[in-house]
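Asks: One point on numbering: in the numbering used here, the residue at position 39 of the sequence shown is 69, and numbering is uninterrupted.
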Amino acid sequence: MGKSIVCNNISKLFLQGTEPIYALRNLSLSVQKGEFVALCGPSGSGKTTLLNLMGGLDQPTNGEIIIGGTNLKTLSKSKLADFRLHSIGFIFQAFNLIPILSARENVEFILELQGVAYSERKERAFGVLKAVGLETLSERRPHQLSGGQQQRVAVARAIVSEPELVLADEPTANLDSTSAKSLIDLMHKMNCDRAMTFIFSTHDPLVMEYARRLVRLQDGCIVSDASKEQSR
Numbered sequence: 031m032g033k034s035i036v037c038n039n040i041s042k043l044f045l046q047g048t049e050p051i052y053a054l055r056n057l058s059l060s061v062q063k064g065e066f067v068a069l070c071g072p073s074g075s076g077k078t079t080l081l082n083l084m085g086g087l088d089q090p091t092n093g094e095i096i097i098g099g100t101n102l103k104t105l106s107k108s109k110l111a112d113f114r115l116h117s118i119g120f121i122f123q124a125f126n127l128i129p130i131l132s133a134r135e136n137v138e139f140i141l142e143l144q145g146v147a148y149s150e151r152k153e154r155a156f157g158v159l160k161a162v163g164l165e166t167l168s169e170r171r172p173h174q175l176s177g178g179q180q181q182r183v184a185v186a187r188a189i190v191s192e193p194e195l196v197l198a199d200e201p202t203a204n205l206d207s208t209s210a211k212s213l214i215d216l217m218h219k220m221n222c223d224r225a226m227t228f229i230f231s232t233h234d235p236l237v238m239e240y241a242r243r244l245v246r247l248q249d250g251c252i253v254s255d256a257s258k259e260q261s262r
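(1) Between the C-alpha atoms of GLY86 and ARG114, what's the straight-line distance to the nearest angstrom?
(2) Across which residues does DSSP place TYR148 in a beta bridge pair?
(3) What residues match up with ALA224 in a beta bridge as DSSP calls it?
(4) Using 8 Å as the threshold, is the stretch 242-254 in touch with the stretch 44-58, meaning 3 or more CB pairs across them?
(5) Can you tell which of ALA198, LEU131, ASN92 has the C-alpha that lies nearest to the C-alpha of HIS173?
(6) Check whether the stretch 101-116 and the stretch 68-86 are in contact - that is, three or more C-beta pairs closer than 8 Å.
(7) Nearest by alpha-carbon distance to ASP199: which of GLU192, PHE230, GLU65, ARG187 is it?
(8) Less than 8 Å between the C-beta atoms of SER149 and ARG182, yes or no?
(9) Measuring alpha carbon to alpha carbon, tell me which residue in LEU45, ALA161, ILE97, LEU213 is nearest ILE121.
(10) Within 10 angstroms of the Cβ of PHE44, are there 16 or more other Cβ atoms? Answer buried if so, exposed if not.
(11) With DSSP as the reference, please indicate the residues paired to GLY119 in a beta bridge.
(12) Am I right that SER117 and GLU192 are in contact with their C-beta atoms under 8 Å? What's the rounded C-beta distance?
(13) Are the beta-carbon atoms of ARG242 and PHE66 separated by less than 8 Å?
(14) Can you give me the C-alpha to C-alpha distance between ARG170 and LYS77, rounded to a whole angstrom?
(15) Could you tell me whether the Cβ atoms of ASN204 and GLY178 are closer together than 8 Å?
(16) Just to confirm my understanding: we take GLN144, look at its own chain, exclude 5 residues before and 5 after, and list those with CB closer than 8 Å. What are they?
(17) Helix, strand or coil, according to DSSP, for GLN46 in the structure here?
(18) Spell out the partners DSSP gives ASN92 in its beta bridges.
(19) Thinking C-alpha only, which one of SER207, LYS219, VAL196 is nearest LYS63?
(20) In its own chain, which residues sit with a C-beta less than 8 Å from the C-beta of LEU141, not counting the 5 before and 5 after it?
(21) For PRO129, which residues in the same chain have their Cβ closer than 8 Å to its Cβ, ignoring the five residues on either side in sequence?
(22) Can you give me the C-alpha to C-alpha distance between VAL36 and THR232, rounded to a whole angstrom?
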């Protein structure tokens, strides 16, 4: 994947009955490789919609999204799925864990799809579960874990393959403050050490504090976009 994410004049229109509702309206945004960006704004401002479009999980009604020189709308469904698998890590607010798999197997699943050998993927999965404080719970299934623990599994799954881009939808929403800080510390370290790009949607002041760039949305439009010095 190349060096940047570019959203060119994108809009997303939904129909509510017969009434058109714009989730995003003529929005343009560029994010360079290695940035640590927080999308903030009130509920309904378009943050999650924007993440879904950048991740190729949905298509804009108008405009285009280019990631590392690849225009997502030129890709077939299979090529888009392959692009997501190898280039993007997702952290969903609803976790999206596979119920019949253990925490370790959920984390391994992406590596298995990528064709990583069993012994290596098991070692990598256990290592990242240890990093998020769940090494002793690695064989538990999602229903045996708290919401916060499931969220940490979701974070581990997103970063285990070391993608160049991680899209995180409210990643600290289900966590206590201590767990939230340890996870943000981990993601910040991966950002610094590996130039992994992180884009968050968030209401959490802690995430906003760590972010080096705050993009504020309201009614589907960017109302401010400010970079700040990072002292950490």
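Backbone N, C-alpha and C define an ideal beta-carbon position, used for all residues, glycine too.
Replies: By the coordinates alone:
(1) Along the sequence shown, read from residue 1 onward, the residue named residue 86 stands at position 56. Along the sequence shown, read from residue 1 onward, the residue named residue 114 stands at position 84. Taking the straight line joining both Cα atoms gives about 7 Å.
(2) Along the sequence shown, read from residue 1 onward, the residue named residue 148 stands at position 118. According to DSSP, which records beta bridges pairwise, TYR148 is partnered with nothing at all.
(3) As a working note, residue 224 is residue 194 in the sequence shown. Sequence inspection shows Arg at residue 224; the Ala mentioned does not correspond to that position. Per DSSP, none; premise fails for ARG224.
(4) yes
(5) Within the sequence shown, numbered from 1, the residue matching residue 173 stands at position 143. Looking at the Cα atoms, LEU131 is the closest of the given residues.
(6) yes
(7) To locate residue 199, count along the sequence shown from 1; it is residue 169. For the residues GLU192, PHE230, GLU65, ARG187, the minimum Cα distance to ASP199 belongs to PHE230.
(8) Here the question's residue 149 lines up with position 119 in the sequence shown. Here the question's residue 182 lines up with position 152 in the sequence shown. Their beta carbons are not under 8 Å apart, which means SER149 does not touch ARG182 by this criterion.
(9) If you number the sequence shown from 1, residue 121 lands on position 91. Per the Cα distances, LEU213.
(10) For the purposes of this step, residue 44 is identified with residue 14 of the sequence shown, where counting begins at 1. The residue in question, PHE44, is exposed, as its Cβ has fewer than 16 Cβ neighbours within 10 Å.
(11) Counting from 1 along the sequence shown, the entry for residue 119 is found at position 89. DSSP lists VAL196 as partners of GLY119.
(12) Numbered from 1 along the sequence shown, position 87 holds the residue referred to as residue 117. Numbered from 1 along the sequence shown, position 162 holds the residue referred to as residue 192. Their Cβ separation, rounded to whole angstroms, is 11 Å, which puts SER117 and GLU192 out of contact at 8 Å.
(13) If you number the sequence shown from 1, residue 242 lands on position 212. If you number the sequence shown from 1, residue 66 lands on position 36. Yes, the Cβ-Cβ distance between ARG242 and PHE66 is below 8 Å.
(14) Position 140 of the sequence shown holds residue 170. Position 47 of the sequence shown holds residue 77. Spanning the two alpha carbons is a distance of roughly 32 Å.
(15) Counted from its first residue, the sequence shown places residue 204 at position 174. Counted from its first residue, the sequence shown places residue 178 at position 148. Their beta carbons are under 8 Å apart, which means ASN204 touches GLY178 by this criterion.
(16) Along the sequence shown, read from residue 1 onward, the residue named residue 144 stands at position 114. Cβ within range, chain order: LEU115, HIS116, SER191.
(17) For the purposes of this step, residue 46 is taken as the residue at position 16 of the sequence shown. Of the three classes helix, strand and coil, the one that applies to GLN46 here is strand, per DSSP.
(18) Mapped onto the sequence shown, residue 92 falls at position 62. DSSP lists SER41 as partners of ASN92.
(19) Against the sequence shown, residue 63 aligns to sequence position 33. Ranking SER207, LYS219, VAL196 by Cα distance to LYS63 puts VAL196 first.
(20) By one-based count along the sequence shown, residue 141 stands at place 111. Excluding positions up to five away in sequence, the list reads GLU150, ARG151, ARG154, ALA155, VAL190, SER191.
(21) Stepping through the sequence shown from its first residue, residue 129 is reached at position 99. Cβ within range, chain order: ARG171, PRO172, HIS173.
(22) Position 6 of the sequence shown, counted from the start, is the residue given in the question as residue 36. Position 202 of the sequence shown, counted from the start, is the residue given in the question as residue 232. Cα to Cα, the separation comes out at about 20 Å.
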